[in-house]
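Peer 1:
Residue numbers (my numbering): 25 to 263.
(1) Could you name the residues of the same chain whose beta carbon sits closer than 8 Å to that of residue 203, not counting the 5 residues immediately before and after it, in chain order?
(2) Use the C-beta contact count for residue 77: other C-beta atoms within 10 angstroms, 16 or more gives buried, fewer gives exposed.
(3) Within this structure, are the beta carbons of residue 100 and residue 48 separated by less than 7 Å?
(4) Taking 7 Å as the limit between beta carbons, can you name the residues of its chain near residue 50, skipping five residues before and five after?
(5) Only counting the same chain, and skipping five residues up and downstream in sequence, which positions put a Cβ closer than 8 Å to that of residue 135?
(6) May I have the straight-line CA-CA distance separating residue 124 from residue 94, to the nearest angstrom?
(7) Can you tell me whether DSSP reads residue 221 as helix, strand or coil?
(8) Residues in the same chain with beta-carbon distance under 6 Å from residue 261, minus the five sequence neighbours each way, listed in chain order, please.
(9) According to the neighbour-count rule (16 or more other Cβ atoms, all chains shown, within 10 Å of its Cβ), is residue 108 buried or exposed?
(10) Which residue or residues does DSSP assign as beta-bridge partners of residue 71?
(11) By the three-class DSSP mapping on this structure, what secondary structure does residue 200 have?
(12) Measure the alpha-carbon distance for residue 120 versus residue 249 and round it to whole angstroms.
(13) Let me confirm a value: residue 142 is counted as buried when at least 16 other C-beta atoms fall within 10 Å, else exposed. Which label applies?
(14) Per the DSSP calculation, residue 209 is bridged to which residue(s)?
(15) Express the C-alpha separation of residue 246 and residue 130 in angstroms, rounding to a whole number.
(16) Would you kindly report the start and end of the unbroken alpha helix (DSSP H) that includes residue 96?
(17) Contact defined as beta carbons within less than 8 Å: I believe residue 73 pairs with residue 79. What is the distance between those atoms, to the nearest angstrom?
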């Protein structure tokens, strides 16, 4: 009888499995409540600009468990399973959960910072007017200033997912990822490519683009910082 014990990575480690279940249940709740109470969960749990009347501090955590549509949650959860499983098997459940949550929070914080900076000139201009005139301006431009900028909700696990992708590329740079299930690309090049595309889209800021690109970048940057810090005390990383 052999004395050797072979390690088998868990295809559905506990944290990843529970993240998939929680996100699925939250999405079902969103779709169910949408019929009777439209936007109830989004107003309460999605991430809003800090100047919005719908903003609550807990949203920096809860927003990452909500999704906009089925395709949104499908691809995010597929990525959580693909990259999160490898990371959880590598780090363990507790460390991976910490990483995932911190990446999601980091993504949300950068998104809020960019929103604040982008809207600051408009709000500084409005603040120059007396209070009565300010209300008229806000009322006239209600759709432009309030609804389209301040009260838009941000949802999704994409920030945490980009953190997982960045960490995967750092820890397993030469692992092959099959893009569209056909094209083999090394993880390090895929991370660089995605990062460059997201940066370009974020800076371009095209009208009608509703994707929170800076949140994606925030998640990736947060993930790289965490892995770099952890890796300083444990150099056994590259595969």
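Cβ atoms here follow ideal geometry from the backbone N, Cα and C, with glycine treated the same way.
Peer 2: Short version:
(1) As a first step, residue 203 is located in the chain shown; it is residue number 179 there, counting from the start. The residues are 209, 214.
(2) Walking along the chain shown from the start, residue 77 turns up at place 53. That one is exposed.
(3) Residue numbering aside, residue 100 sits at position 76 when the chain shown is read from its first letter. Residue numbering aside, residue 48 sits at position 24 when the chain shown is read from its first letter. The answer is no: Cβ separation not under 7 Å.
(4) Against the chain shown, residue 50 aligns to sequence position 26. Closer than 7 Å at the Cβ level, and outside the excluded window around residue 50, lie 89, 90.
(5) Taking the first residue of the chain shown as position 1, residue 135 is located at position 111. Counting only Cβ-Cβ distances below 8 Å, and skipping sequence neighbours, we find 71, 178, 183, 236, 238, 239, 242.
(6) The sequence position of residue 124 within the chain shown is 100, counting from 1. The sequence position of residue 94 within the chain shown is 70, counting from 1. Distance between the alpha carbons of residue 124 and residue 94: 21 Å.
(7) Residue 221 sits at position 197 when you count from the first residue of the chain shown. Of the three classes helix, strand and coil, the one that applies to residue 221 here is helix, per DSSP.
(8) Here residue 261 is taken as the residue at index 237 of the chain shown, counted from 1. Confidence at residue 261 is low in this model, with a pLDDT of 49, below 50, so its placement is unreliable and the value that follows should be read with caution. The residues are 195, 255.
(9) In the chain shown, residue 108 corresponds to position 84, counting from 1. Burial call: buried.
(10) Indexing the chain shown from 1 puts residue 71 at position 47. According to DSSP, which records beta bridges pairwise, residue 71 is partnered with 178.
(11) One-based indexing of the chain shown puts residue 200 at position 176. In the structure shown, residue 200 sits in a strand (DSSP, three-state: E or B).
(12) The count along the chain shown starts at 1 and reaches residue 120 at position 96. The count along the chain shown starts at 1 and reaches residue 249 at position 225. Approximately 14 Å, taken between the alpha carbons.
(13) The sequence position of residue 142 within the chain shown is 118, counting from 1. Residue 142 should be labelled exposed.
(14) In the chain shown, counting from the first residue as 1, residue 209 sits at position 185. Beta-bridge pairing links residue 209 to 201.
(15) Within the chain shown, residue 130 is the residue found at index 106, counting from 1. Within the chain shown, residue 246 is the residue found at index 222, counting from 1. Roughly 6 Å between the two C-alpha positions.
(16) Indexing the chain shown from 1 puts residue 96 at position 72. Looking at the DSSP string, the run of the alpha helix (DSSP H) that includes residue 96 is 94-103.
(17) For the purposes of this step, residue 73 is taken as residue 49 along the chain shown, with counting starting at 1. For the purposes of this step, residue 79 is taken as residue 55 along the chain shown, with counting starting at 1. About 6 Å separates the two Cβ atoms, so the contact holds.
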